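In my numbering, the protein residues as written are 137 to 255.
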C-alpha cells in the first residue's frame, strides 16, 4: 500500500497509523528533548486502534460511544505529540511527520463525526 492511499476500514487504518508511527519513531535520533515525546506518541498512536477494536466489540451504545470518544482523544493527542517533536527531529523526517500529523487529524475528524452521528 502506498502512503497516499486511503483506507476506509477503520480497524485497518488505525493499525496502519500505529505501524507507520512506529517506523517513523524507529528512524528518529533520540535526544534529551524528544525522548519522552516519542514515547508518548507511541502510546497514543497504538491506543487509537486498540480502543477502536474495543468499540467494535462494545456491549452497548454507551460503551461504543465511550470507546469512540477515547479514539478521538488519542488521535488528537497523537497529533499534539507530532507537533511537539517538529523542532527536534531534523529536516529529513519533516515530510513524514507532516503526513502522520495529517492522518492523526483525519482520524480525529472521523471519530468526531461518529460521535456526532450517535448523539
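Positions of the beta carbon are idealized from the N, C-alpha and C atoms, including for glycine. Note that the structure is a prediction, hence the values are computed from the model and not measured.
Query: Can you tell me which of the three DSSP states residue 170 falls into?; Result: coil
Query: CA-CA distance, residue 187 and residue 227?; Result: 32 Å
Query: Between which two residues does the alpha helix (DSSP H) containing residue 211 stretch?; Result: 197 to 220
Query: Going by DSSP, what residue range makes up the alpha helix (DSSP H) through residue 252?; Result: 230 to 254
Query: DSSP three-state label for residue 163, please.; Result: coil
Query: If you count every other CB in all the chains shown that lies within 10 Å of the CB of residue 174, and 16 or more means buried, which is it?; Result: buried
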